[in-house]
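First up is the structure itself, then whatever we jot down about it.
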Amino acid sequence: MFTGLIETRGSVTAVQAVSGGVRLQVYAPDFGRDMAMGDSICVDGVSLTVSQFQRGAFVADVSGDMLDRTTLSDLRSGSTVNLERALRFSDRMGGHMVTGHVDGVGRLVMRQAAGNSTIYTFHMPPALMEYIVPRGSLAVDGISLAVAQVRGEGFSAAVIPQTEESTTLRDKPIDSMVNIEVDIMARYVKRFVDLYARTGAEGPETTRRGLGDALREFREGR
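Offset between the sequence shown (1-based) and this note's numbering: plus 329.
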């Protein structure tokens with residue numbers, strides 16, 4: 330489990346094809362002092378398992394399924410990635426609960442200065458839009474963001490300078506693809522609503538009102 334608060338950026342130093350996927354090597358010397366083989370690390374929003382260390386870098390295997398569902402397939406030697414180590418029970422819980430299981434790939438469509446922050450707008454896969462609500466949370470390339478506005482097939486988020494400086498967001502060109510993980514709470518609420526619609530007497534009405542209404546009521550304790 331992760332928080333979406335990026336600890337550092339790493340540099341991809343090797344991408345080696347192996348049976349069923351690739352072996353990724355990421356240079357991140359600060360992490361080697363507090364990591365062990367088998368630890369989980371979030372790489373651009375994808376939870377990977379450390380298999381070995383090599384001169385300040387860690388190595389992790391990426392399955393073919395992960396390559397198909399995430400932007401890790403686009404990584405090359407020299408690519409920069411967001412990194413976060415797994416959450417300890419004793420850590421402060423900033424950001425929100427991030428699993429490292431990517432739900433889909435979105436696209437950065439606009440970046441606009443707004444006072445002391447920058448507004449980022451992302452286009453989303455239609456199937457994920459029902460999970461997105463204003464002031465809700467989601468992870469973009471592993472970065473915990475709060476949704477400022479939902480519009481059409483996308484959403485916008487205000488990003489503060491500290492987040493821009495410590496992540497890869499500021500350097501991403503417009504039209505770059507990003508990994509999206511929706512709030513785990515939204516996943517469970519949708520599952521509850523889907524089951525309720527099939528088994529409850531008033532289920533279809535709940536479905537017609539939409540998941541967004543159900544999520545808002547859930548958050549407000551109604």
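Ideal Cβ placement from N, Cα and C applies to all residues, glycine included. From a predicted model like this one, the values you see are computed outputs, not experimental measurements.
Asked                                                                                                                                                       : Found
Would you kindly check if the distance between the Cβ of G435 and the Cβ of V372 is under 9 Å?                                                              : no
Tell me which residue opens and which closes the beta strand (DSSP E) that D390 is part of.                                                                 : A386 to S392
Would you report the Cα separation of A327 and G444, rounded to the nearest angstrom?                                                                       : Nothing about residue 327 can be reported from this structure: the residues present for the chain run from 330 to 551 only.
Determine, using beta-carbon pairs with one atom in the segment 454-474 and one in the segment 406-413, whether at least three such pairs fall under 8 Å.   : yes
DSSP beta-bridge partners for H452?                                                                                                                         : R436 and G483
If I measure Cβ to Cβ from D403 and keep anything under 8 Å in the same chain, skipping five residues before and after, which residues do I get?            : M506
Are A389 and T400 close, meaning C-beta to C-beta below 9 Å?                                                                                                : no
Short of 8 Å in beta carbon distance, which residues of its chain neighbour L416, apart from the five on each side in sequence? Order them along the chain. : M330, F331, T332 and M422
With a 10 Å radius around its C-beta and 16 neighbouring C-beta atoms as the bar for buried, classify F387 as buried or exposed.                            : buried
Starting from S369, trace the beta strand (DSSP E) in both directions and tell me its first and last residue.                                               : S369 to V372
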